[in-house]
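Going by the numbering used here, the letters in the sequence shown line up with residues 2 to 326, in that order.
Structure first, then comments.
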Amino acid sequence: MARTCLVMADLRGGKVRNVTYEALAAARRLAEGGEVSVALVGDGVSGFAQGLGAYGADKVYVVEDTGLKHYTPDAYASVMERLIRTADPDVVLFAHSAIGRDLAPKLAARFGAGQVSDVVDVGLEDGKIVFTRPIYAGKAFTKVTISDGKVFATVRPNNLSADEPDAGRSATVETVGAGLSGASLRTVVKEVVQKATSGVDLTEAKIIVSGGRGVKSAEGFKPLYELAEVLGAAVGASRAACDAGYCDYSMQIGQTGKVVTPDLYIACGISGAIQHLAGMSNSKVIVAINKDPEAPILKVANYGIVGDLFEVVPMLTEELKKVLA
Ligand code: FAD
Numbered sequence: 002m003a004r005t006c007l008v009m010a011d012l013r014g015g016k017v018r019n020v021t022y023e024a025l026a027a028a029r030r031l032a033e034g035g036e037v038s039v040a041l042v043g044d045g046v047s048g049f050a051q052g053l054g055a056y057g058a059d060k061v062y063v064v065e066d067t068g069l070k071h072y073t074p075d076a077y078a079s080v081m082e083r084l085i086r087t088a089d090p091d092v093v094l095f096a097h098s099a100i101g102r103d104l105a106p107k108l109a110a111r112f113g114a115g116q117v118s119d120v121v122d123v124g125l126e127d128g129k130i131v132f133t134r135p136i137y138a139g140k141a142f143t144k145v146t147i148s149d150g151k152v153f154a155t156v157r158p159n160n161l162s163a164d165e166p167d168a169g170r171s172a173t174v175e176t177v178g179a180g181l182s183g184a185s186l187r188t189v190v191k192e193v194v195q196k197a198t199s200g201v202d203l204t205e206a207k208i209i210v211s212g213g214r215g216v217k218s219a220e221g222f223k224p225l226y227e228l229a230e231v232l233g234a235a236v237g238a239s240r241a242a243c244d245a246g247y248c249d250y251s252m253q254i255g256q257t258g259k260v261v262t263p264d265l266y267i268a269c270g271i272s273g274a275i276q277h278l279a280g281m282s283n284s285k286v287i288v289a290i291n292k293d294p295e296a297p298i299l300k301v302a303n304y305g306i307v308g309d310l311f312e313v314v315p316m317l318t319e320e321l322k323k324v325l326a
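Set out below in structure tokens:
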């Protein structure tokens, strides 16, 4: 049964995030030949429209306005609500990012529709949409079958495969007015102050080097940054490392931090508490460096190195420099 799907493009730092292409591929599977469209919302974003066509969009709705330069719940929810009322898609997909997590339930409520969060797989069974999502802090997965009606879902980055771009494919582009009125906008973002980070987005990183309390100080993170640089990796942390002030909370991975699914996760001086595992246990390959052979992280790791991270990490960095040079 053909159905129509709308994906909201997830933009950050002047780029379309990869999760948008992953959601587009999922939308094409669910559409079963129906139209797949993308909502491209922001200020100065129209240049991304044709690229989205190459990744599988049939149509791109471009909504540009200076009032959409920075995300605000009022403005974005209002724009998306108008768009969804006009396009009337059966399925609306968002990235499971800060923006998607904020918008999807808000809009689902406005449409009296169902909403599924943190989807890691999509499929069709007996003609019905089936979303797979983690439960019990990632210890198990559940399948949610959509019987009928409009549905909203957020898609976890790095779990679904994006289609290869086809440069010969293009999308119809439709420019839509934002229809924003000053009175309806309760929030105005005047300035965004960016925190200094390693530059690689944790939730989309293919490799993450992560530090815990065992790193012992902010200075102790230095060898982790050096290893990350050689690997082109992002640097993450446990909550204990953040609480101790060794690093910024934006680096926290886990139940109350970021959920990540890299190809390679290198845990340094992290014990492997359940709340940390909730954020990283679905990584494809886990390497744990810990001086305690009984540390729980070694039970979930594919490769465990029992040793002092201050010896092991610099050794790894030096060896990898030789291999990757
Ligand atoms: P520890 O448990 O203290 O482990 C440090 C490890 O380092 C030990 O295994 C030790 O053997 C090893 N080590 C020490 N020195 C060295 C060395 N030189 N070389 C090698 N290894 C060494 N935690 C999160 O991470 N993310 C969350 O989102 C999160 N949310 C939480 C939510 C709630 C409601 C609660 C109650 C807790 C949450 N926690 C979270 C905290 C969690 O329970 C743990 O306390 C935390 O993950 C422990 O961090 P850690 O592994 O870095 O520290």
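Even glycine gets a Cβ: it sits at the ideal position worked out from N, Cα and C.
Proximity below 8 angstroms, CB of residue i to CB of residue j
i: Glu126; j: Thr143; result: no
i: Ala302; j: Val324; result: no
i: Val156; j: Ala110; result: no
i: Thr173; j: Asp91; result: no
i: Leu94; j: Ala24; result: yes
i: Ala206; j: Ala234; result: yes
Option nearest residue i by Cα separation, candidates the options
i: Asn283; options: Gly213, Met316, Ile208 and Leu225; result: Ile208
i: Phe311; options: Arg170, Gly215 and Lys70; result: Gly215
i: Tyr77; options: Leu108, Phe222, Ala184 and Arg240; result: Leu108
i: Glu192; options: Lys70, Ala55 and Ser38; result: Lys70
i: Glu295; options: Gly273, Met281, Val286 and Thr133; result: Gly273
i: Ser239; options: Ile298, Thr73 and Glu23; result: Ile298
i: Ala141; options: Pro158, Val120 and Ala154; result: Val120
i: Glu36; options: Asp44, Ala27 and Thr73; result: Ala27
i: Val313; options: Val260, Asn160 and Ala268; result: Ala268
i: Leu41; options: Glu33, Leu53 and Gln276; result: Leu53
i: Ile130; options: Asp293, Ser148 and Val61; result: Ser148
Those residues which DSSP pairs with residue i across a bridge
i: Gln51; result: Gln51 pairs with nothing; no bridge assigned.
i: Arg4; result: Bridge partners of Arg4: none, in fact.
i: Thr155; result: Phe95
i: Val269; result: Here the sequence assigns Cys to residue 269, which means Val is not the residue at that position. In DSSP, Cys269 forms a bridge with Gly212 and Ile290.
i: Arg13; result: Lys16
i: Val120; result: Val156
N-terminal and C-terminal residue of the alpha helix (DSSP H) that residue i is part of
i: Ser79; result: Pro74 to Ala88
i: Gln276; result: Ile275 to Met281
i: Glu319; result: Leu310 to Leu325
i: Lys70; result: Segment: none, Lys70 is in no alpha helix (DSSP H) and carries neither H nor E.
i: Glu175; result: First-last for Glu175: Thr173 to Thr176, but that is the beta strand (DSSP E), not the alpha helix (DSSP H).
Any C-beta of chain B under 8 angstroms from that of residue i
i: Pro74; result: You won't find chain B in this structure, because it holds only one protein chain.
Limits of the unbroken beta strand (DSSP E) element including residue i
i: Arg134; result: Lys129 to Ile136
i: Asn303; result: First-last for Asn303: undefined, no H or E at that position.
* **Segment contact flag, the stretch 61-69 with the stretch 13-30, C-beta cutoff 8 angstroms, min 3 pairs** => no
* Would you be able to state if there are at least three C-beta pairs under 8 angstroms between the stretch 241-258 and the stretch 217-229? => Verdict: yes, contact present.
* To do: State whether the stretch 223-230 contacts the stretch 249-261, with contact taken as three or more CB pairs (one from each stretch) at a distance under 8 angstroms.
  => No, they do not touch.
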